[in-house]
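Put into structure tokens, the structure is as follows:
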């Protein structure tokens, strides 16, 4: 049946409940045939680590190194045996949804970002990520950053520190290390939840994916049922991945895959310029603001971008990004964009020379073919990228014990779990730290929509019974 629907390519035009059935069947096939382990993964004892470790170990209770620093990328397709141009470096970035972008990928990274006071992370007085004496940002992930990403880093550092304050108030006996560990669990879960039921829904803006992503977190019975009665243990469809009795890896140790890292690139969503808005002006009825300046993207990348952000400020940067639609990098200007990209060393230092495309003429860039595909209405990425994305996104939740067997009050604390369960969107996070921002400048329902767009209208038809808009 899946192959029949694929041949006619009409799954996205089916009623929502049939589209969900198709996507569920397709994911089941991928789980059976498209999970290929690479390398070996030793078994450890996760009971010794009731928190997220610095290097990502023990997120999977059955495999010590699954998804951790230096663990291999798996595969979704059988690799071709080749001995030429072999890369022996294992990935340094962690594969789990553990907030490593702000916490780091190992103990050394973690020491740099922590204050070691009340569990908190370092943050400048202006609410932005700190920089060292050499101008390098002090954050978990320092490569390939731009001003917009650094703004989100700063927001979730504020979120972490706010969780620390709340936990210290609720549990005054907790010391620095305990506060940090619990706050990291909570903040990582908030990031994962925002990514699942807010950002992804806007990236793939259809009723079918709205239903599908909410099922991933809450199940078919929905949030109200789960908040009232809890997780129906062992049943993903009814209650979602989060809170399952135990993690599931479908017989293959958890990891991201080479295919996932190849298609999960969102370069085309970067705008060519940042359109700065005048936040001192009176907003229009739809909350829109007049332009004051346009800054080229090349001035917002790397160290130059961090310097520019310090002059713009957090609020102006966030509001300006909110009122600007995503970029539209197409096939014709992709090579120009690649040529102008500022490359960075592993420590985040900008390299003096840009990408040498001439030296890479024999290399095949998968993104070119993906960008040539006609997109499904409402999708910001191609259908090919979506299917790998669909398959691996759920795996990042169901394979992690901190979203399944350890998603409880004992691990997170009662206050911490309440924090996660009452946060539904990036808008909620912004409201917590900048309560006037969304009220004054956001007209849309989601912070990932263009802020001056109309809010989502009320639809009386139950979500699962809706027909897609043609």
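Numbering (the numbering used here), first residue to last: 12 to 481. Beta carbons: idealized from backbone N, C-alpha and C, even for Gly. Predicted, not measured: the structure shown is a model, and the values here were computed from it.
Per the coordinates, the alpha-carbon of residue 360 lies some 8 Å from the alpha-carbon of residue 154. Taking every protein chain shown into account, the CB of residue 463 has 16 or more other CB atoms within 10 angstroms, so this residue is buried. Fully enclosed alpha helix (DSSP H) runs of no fewer than 4 residues occupy 313-323, 325-333, 342-351 of the region 273-357, in order along the chain. Around residue 213, the same chain offers 457, 459, 460 as residues with beta carbons nearer than 7 Å, after the five sequence neighbours per side are excluded. Each residue's CA atom was taken as its position, placing residue 450 and residue 285 some 22 Å apart. Residue 157 sits in a strand when the DSSP states are folded into three classes. In the DSSP annotation of this structure, residue 22 is not part of any alpha helix (DSSP H), being labelled neither H nor E. For residue 128, same chain residues with a beta-carbon under 7 Å away, outside a window of 5 residues either side, are 187 in chain order. Using a 10 angstroms sphere on the CB of residue 283, the tally of other CB atoms stays under 16, which defines it as exposed. Three or more pairs of CB atoms, one per stretch, sit closer than 8 Å, so the region 207-225 contacts the region 18-31. 275 is the residue among 275, 132, 167 whose C-alpha sits nearest the C-alpha of residue 391. Annotation: the continuous alpha helix (DSSP H) that includes residue 432 extends over 425-432. Separation of residue 266 and residue 260 (C-alpha to C-alpha, rounded to the nearest whole angstrom) is 9 Å.
Judged by DSSP secondary structure, residue 253 falls outside any alpha helix (DSSP H); it is assigned neither H nor E. Within the DSSP bridge table, the entry for residue 390 names 215 as partners.
Look at residue 141 here: in three-state DSSP terms it is coil, with no helix or strand label. Annotated three-state conformation of residue 185 is coil, per DSSP.
In the three-state DSSP reduction, residue 226 falls in the helix class (H, G or I). Per the coordinates, the alpha-carbon of residue 415 lies some 32 Å from the alpha-carbon of residue 470.
The Cβ neighbour count for residue 181, taken over all protein chains shown within 10 Å, is under 16; the residue is labelled exposed.
Measuring C-alpha to C-alpha distances from residue 224 to each of 268, 297, 207 identifies 207 as the nearest. DSSP places residue 238 within a helical segment (H, G or I) once states are collapsed to three. Under DSSP, residue 125 takes part in a beta bridge, and its partners are 132.
In the pairwise beta carbon analysis, the region 137-153 is classified as not touching the region 190-203: fewer than three pairs are separated by under 8 Å. Buried is the label assigned to residue 313, since at least 16 other Cβ atoms lie within 10 Å of its Cβ.
Between the region 406-413 and the region 245-259, the count of Cβ pairs shorter than 8 Å is three or higher; the stretches touch.
With contacts defined by Cβ atoms closer than 8 Å, residue 202 and residue 165 do not form a contacting pair. Annotation: residue 364 to residue 162 spans about 26 Å, alpha carbon to alpha carbon. Taking C-alpha positions only, residue 448 is separated from residue 288 by approximately 13 Å. With a beta-carbon spacing of about 6 Å, residue 142 and residue 317 fall inside the 8 Å limit used to define contacts. Boundaries of the alpha helix (DSSP H) around residue 379: 377-383. In the three-state reduction of the DSSP assignment, residue 360 falls in the coil class, being assigned neither a helical nor a strand state.
Here the region 425-433 makes contact with the region 167-183; the two share three or more CB pairs at distances below 8 Å. A Cβ-Cβ separation of about 20 Å leaves residue 399 out of contact with residue 247 under the 8 Å criterion. Distances from the CA of residue 466 to each of 473, 480, 438, 472 were compared; the closest alpha carbon is that of 438.
If you look at residue 28, you'll find it in the alpha helix (DSSP H) that goes 27-44.
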